[in-house]
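Engineer:
Residue numbers (the UniProt record's numbering): 1 to 114.
1) As an exercise, report each continuous beta strand (DSSP E) stretch of at least 3 residues that is fully enclosed by the UniProt domain "FAR1" (51–114), in chain order.
2) Label residue 47 either buried or exposed according to how many other C-beta atoms from any shown protein chain fall within 10 Å of its C-beta, with 16 as the threshold for buried.
3) Per the DSSP calculation, residue 41 is bridged to which residue(s)?
4) Using DSSP with H/G/I as helix, E/B as strand and the rest coil, what is residue 33?
5) Is there contact between the region 11–30 and the region 45–59, where contact requires at least three CB pairs shorter than 8 Å?
6) Assuming contact is defined by CB atoms lying nearer than 9 Å, are residue 68 and residue 87 in contact in what I supplied?
7) Report the three-state DSSP secondary structure of residue 27 (helix, strand or coil).
8) In chain order, what residues of the same chain have a beta carbon less than 6 Å from the beta carbon of residue 112, not counting five sequence neighbours either side?
9) Rounded to whole angstroms, what is the Cα-Cα separation between residue 33 and residue 61?
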């Protein structure tokens, strides 16, 4: 089903339901605020990932999957957090430059909060 539905709750806030990846093409990401993205509801995790990936590309950053909550019954994913791919910092593992066998890779994490 390729459609964009509007679902209204009792609290007068309209939730925009995206049923498929094809319906993401109808969303105008230019000028879309972070608060406006919170109004979208997704039918599955793949649609949500594609939506936030498109939102990130338009706004100049890439995203990655971060945390996920799993069901205790069947271990399916209940929720997923997406963050900027440069969010956070590299984990220090106790190896400094003097006792390394290979050169350090360039830093890819800078604490971005996009």
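Glycine included, every Cβ here is placed at the ideal spot set by N, Cα and C.
Structural biologist: A quick look at the data gives this:
1) 63–70 and 77–84
2) buried
3) 17
4) coil
5) yes
6) no
7) coil
8) 84, 86 and 87
9) 15 Å
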